[in-house]
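The listed protein sequences correspond, in order, to chains Y and V. Residue numbering for the first sequence follows our numbering, beginning at 1 and increasing consecutively. Residue numbering for the second sequence follows our numbering, beginning at 288 and increasing consecutively.
There are 2 protein chains.
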Amino acid sequence: MLESWNDGETKTAILEFVRAVTTPGDSFVPPAERIATFDNDGTLWCEKPNYVQADFLTRRLNQMADDDPTRRTRQPWKALYDRDHTRLAQLLTRASDLTASIGDVFAGITTEAFEEKVRAFFDTAVHPVLGVPYVQLAYVPMLELLDLLRAHDFHVFICSGGGRDFIRVISEEAFGIPRDRVIGSAGTVEYRDGDVYRTKGLELPIAEGPGKPVHIWRHTGRKPLFACGNSNGDQEMLEISAFSLLIHHDDAEREFAYDDGAEKALAEAAELGWTVASMRRDFARVF
Amino acid sequence: MLESWNDGETKTAILEFVRAVTTPGDSFVPPAERIATFDNDGTLWCEKPNYVQADFLTRRLNQMADDDPTRRTRQPWKALYDRDHTRLAQLLTRASDLTASIGDVFAGITTEAFEEKVRAFFDTAVHPVLGVPYVQLAYVPMLELLDLLRAHDFHVFICSGGGRDFIRVISEEAFGIPRDRVIGSAGTVEYRDGDVYRTKGLELPIAEGPGKPVHIWRHTGRKPLFACGNSNGDQEMLEISAFSLLIHHDDAEREFAYDDGAEKALAEAAELGWTVASMRRDFARVF
Numbered sequence: 001m002l003e004s005w006n007d008g009e010t011k012t013a014i015l016e017f018v019r020a021v022t023t024p025g026d027s028f029v030p031p032a033e034r035i036a037t038f039d040n041d042g043t044l045w046c047e048k049p050n051y052v053q054a055d056f057l058t059r060r061l062n063q064m065a066d067d068d069p070t071r072r073t074r075q076p077w078k079a080l081y082d083r084d085h086t087r088l089a090q091l092l093t094r095a096s097d098l099t100a101s102i103g104d105v106f107a108g109i110t111t112e113a114f115e116e117k118v119r120a121f122f123d124t125a126v127h128p129v130l131g132v133p134y135v136q137l138a139y140v141p142m143l144e145l146l147d148l149l150r151a152h153d154f155h156v157f158i159c160s161g162g163g164r165d166f167i168r169v170i171s172e173e174a175f176g177i178p179r180d181r182v183i184g185s186a187g188t189v190e191y192r193d194g195d196v197y198r199t200k201g202l203e204l205p206i207a208e209g210p211g212k213p214v215h216i217w218r219h220t221g222r223k224p225l226f227a228c229g230n231s232n233g234d235q236e237m238l239e240i241s242a243f244s245l246l247i248h249h250d251d252a253e254r255e256f257a258y259d260d261g262a263e264k265a266l267a268e269a270a271e272l273g274w275t276v277a278s279m280r281r282d283f284a285r286v287f
Numbered sequence: 288m289l290e291s292w293n294d295g296e297t298k299t300a301i302l303e304f305v306r307a308v309t310t311p312g313d314s315f316v317p318p319a320e321r322i323a324t325f326d327n328d329g330t331l332w333c334e335k336p337n338y339v340q341a342d343f344l345t346r347r348l349n350q351m352a353d354d355d356p357t358r359r360t361r362q363p364w365k366a367l368y369d370r371d372h373t374r375l376a377q378l379l380t381r382a383s384d385l386t387a388s389i390g391d392v393f394a395g396i397t398t399e400a401f402e403e404k405v406r407a408f409f410d411t412a413v414h415p416v417l418g419v420p421y422v423q424l425a426y427v428p429m430l431e432l433l434d435l436l437r438a439h440d441f442h443v444f445i446c447s448g449g450g451r452d453f454i455r456v457i458s459e460e461a462f463g464i465p466r467d468r469v470i471g472s473a474g475t476v477e478y479r480d481g482d483v484y485r486t487k488g489l490e491l492p493i494a495e496g497p498g499k500p501v502h503i504w505r506h507t508g509r510k511p512l513f514a515c516g517n518s519n520g521d522q523e524m525l526e527i528s529a530f531s532l533l534i535h536h537d538d539a540e541r542e543f544a545y546d547d548g549a550e551k552a553l554a555e556a557a558e559l560g561w562t563v564a565s566m567r568r569d570f571a572r573v574f
């Protein structure tokens, strides 16, 4: 177990916690209550230089602008056309902007039609730096951690600030996690004419920050026993978990080194004694 | 398998469908796609003379009126005090009335505190006619059907128009269904001060009628392969399922005989060729 983790405090802390809650005694937790939740981007797979879903979205936005060039005068197409990456990132990640900016990008089609578009993306797209298909971007040590938890009767969920229905298309293939165990932000859907259609809205709150415990509760009826994230958006999920693991991206050679967007989480980890996994120190291999 | 089902067309249709989708061949469906969804009230357990949750709610409302008798001049306490059962039923089941009438009945407390109240109810309440604890009100043939599906690698979910967080407290005990496989209508929650609190809102749409396919999609990312219900509120769920089973309450001796609220579903079943289980004819035993 955890063959791709180097021996050390982090690996020991994980193994010791799993042993404690699965061995008869004071710390024992029944299998039904063994909920584990993992953030996706930057936790289970690479999120740099861009979120995988951002690549998917910008391709779709470019296609829409090609179909109707007048769109380039409006957001979010304007930011994309102007190569204003800062503004574009805002438009694609802030809940307040998301519905207005991309609400109708995939609205009005069936959930199956959306799935086909996602599948077509994953069948062809490759990571712009590493040059491999995105579904191969899962961190091997994290896959081993998922296996370890499942082998100890944990119910393992993804809880992503990104798009639930996007990730579900490849969650089984990339992480061995079935669709019904993927929690995340999502567009609204409706039932009509015998089918399920995407609509323009966004399920609120989005599954980021304080929205993560809300989505986890809705989906599982429990708080996590084990949670793992890598950014400020994971803080609240880590706060309500019994064991909290924060992935630190500090390996510029084998992946990317950045604390941007994780400063608060790293500070809280130090303050509350969460376990921090250094990718440089703790991962024997990355991909 | 299905020992408490009498031999006949219904039992044969169920067994034949399960065999077809789990045996290599043209009809085979991979385990990941074997989603089964069951309505709860009137499908998995008895819903007469009242919904189990209605008993829970009226006890709470009576308690609140005892604590503050001025509440009896306002709804829903007034209807309860006046014994106006028709109005009370409206107030407790219509989505448009629910938030206004009971939004603050359990708001402001943690999800754990709510669970304790539900647990206390189930520990003491008994069915007003049958005289047994509510958790013993599951229909034995239905429990066997759940077992049959699980034994064939189906992912078995409850999808209830009633309260998700209410049912989850006893879903494992009463039906062998873990909390994260209970889908249903629910009050909103929020994260604050390190815990998850109930708030006054209602997650929309409620998981009834066209809301069922929406909730099932949100939770599982799929349409059901097998669905089972008993009322008009289950029609849309049965429409999107490959195999659709409608429970018909026609056994006045062993349970209750009523078509009220199921007229449209029974008509659609006849029209579309859904399988209808007659409790009188197909159930060798009920409880």
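The beta-carbon is built from N, C-alpha and C at its ideal position, and this holds for glycine as well. Because the structure is a prediction, the values reported are computed rather than measured.
Please classify residue i as buried or exposed, where buried requires at least 16 other C-beta atoms within 10 Å of its C-beta.
{"i": "Q235 of chain Y", "result": "buried"}
{"i": "F315 of chain V", "result": "exposed"}
{"i": "K298 of chain V", "result": "buried"}
{"i": "N40 of chain Y", "result": "buried"}
{"i": "H249 of chain Y", "result": "buried"}
{"i": "G273 of chain Y", "result": "exposed"}
{"i": "K264 of chain Y", "result": "exposed"}
{"i": "P213 of chain Y", "result": "buried"}
{"i": "D313 of chain V", "result": "exposed"}
{"i": "I454 of chain V", "result": "buried"}
{"i": "T309 of chain V", "result": "buried"}
Are the beta-carbon atoms of residue i and residue j separated by less than 8 Å?
{"i": "V305 of chain V", "j": "V427 of chain V", "result": "no"}
{"i": "F114 of chain Y", "j": "R198 of chain Y", "result": "yes"}
{"i": "M566 of chain V", "j": "I534 of chain V", "result": "yes"}
{"i": "H215 of chain Y", "j": "I35 of chain Y", "result": "no"}
{"i": "S231 of chain Y", "j": "T275 of chain Y", "result": "no"}
{"i": "G209 of chain Y", "j": "G184 of chain Y", "result": "no"}
{"i": "T507 of chain V", "j": "D180 of chain Y", "result": "yes"}
{"i": "I102 of chain Y", "j": "P76 of chain Y", "result": "yes"}
{"i": "V189 of chain Y", "j": "T111 of chain Y", "result": "yes"}
{"i": "R358 of chain V", "j": "M351 of chain V", "result": "yes"}
{"i": "P49 of chain Y", "j": "V129 of chain Y", "result": "yes"}
{"i": "A262 of chain Y", "j": "R505 of chain V", "result": "no"}
{"i": "V413 of chain V", "j": "F343 of chain V", "result": "no"}
{"i": "E144 of chain Y", "j": "S4 of chain Y", "result": "yes"}
{"i": "A366 of chain V", "j": "L378 of chain V", "result": "yes"}
{"i": "P318 of chain V", "j": "D440 of chain V", "result": "yes"}
{"i": "S160 of chain Y", "j": "A207 of chain Y", "result": "yes"}
{"i": "D259 of chain Y", "j": "L266 of chain Y", "result": "yes"}
Residues of chain Y with a CB under 8 Å from the CB of residue i: which are they?
{"i": "V476 of chain V", "result": "V214, W217, R218"}
{"i": "L459 of chain V", "result": "In the sequence under discussion, the amino acid at residue 459 of chain V is Glu, which differs from the Leu named in the question. Within 8 Å Cβ-Cβ: A32."}
Only counting the same chain, and skipping five residues up and downstream in sequence, which positions put a Cβ closer than 7 Å to that of residue i?
{"i": "V422 of chain V", "result": "F409, I457, E460, A461"}
{"i": "L148 of chain Y", "result": "M1, L2, V18"}
{"i": "R60 of chain Y", "result": "V105"}
{"i": "A138 of chain Y", "result": "L44, W45, A174, F175"}
{"i": "R437 of chain V", "result": "V443"}
{"i": "E33 of chain Y", "result": "R222, L225"}
{"i": "D82 of chain Y", "result": "none"}
{"i": "A54 of chain Y", "result": "L92"}
Starting from the beta carbon of residue i, find every residue of chain V whose beta carbon is closer than 9 Å, and list them in chain order.
{"i": "E239 of chain Y", "result": "Y478, G481"}
{"i": "P210 of chain Y", "result": "E477, Y478, R479"}
{"i": "A186 of chain Y", "result": "R505"}
Just to make sure I have the definition right: I need the residues of chain V whose C-beta is within less than 7 Å of the C-beta of residue i. Which are they?
{"i": "E292 of chain Y", "result": "The structure shown does not extend to residue 292 of chain Y, since chain Y is modelled only from 1 to 287, so the question has no answer here."}
{"i": "D180 of chain Y", "result": "H442, H506, T507, G508"}
{"i": "T111 of chain Y", "result": "W504"}
{"i": "D165 of chain Y", "result": "G508"}
{"i": "R168 of chain Y", "result": "G508"}
Which bits of chain Y does residue i rub up against, with CB to CB less than 7 Å?
{"i": "R437 of chain V", "result": "Per Cβ cutoff of 7 Å: no residues; R437 of chain V is ~14 Å from chain Y at best."}
Give every residue of the same chain whose Cβ lies closer than 6 Å to the Cβ of residue i, excluding the five residues on either side of it in the sequence, and list them in chain order.
{"i": "A529 of chain V", "result": "L512"}
{"i": "F325 of chain V", "result": "L331, I445, C515"}
{"i": "L433 of chain V", "result": "V443"}
Excluding the 5 residues flanking residue i on each side, which residues of the same chain have their C-beta closer than 8 Å to its C-beta?
{"i": "N293 of chain V", "result": "R568, D569, F570, A571"}
If you scan the segment 311-384 of chain V from start to end, which runs of the beta strand (DSSP E) of 3 or more residues do you find wholly inside it? Fully enclosed beta strand (DSSP E) runs of 3 or longer: 322-325.
Scan the segment 376-454 of chain V and note each continuous alpha helix (DSSP H) run of 4 residues or more that stays entirely inside, going in chain order. List check, alpha helix (DSSP H) in window: 382-389, 398-411, 427-438.
Can you give, in chain order, each stretch of the beta strand (DSSP E) that sits fully within the segment 442-521 of chain V and has at least 3 residues? With a minimum length of 3 residues, the continuous beta strand (DSSP E) runs that stay inside the segment 442-521 of chain V are 442-450, 469-472, 474-479, 482-489, 513-516.
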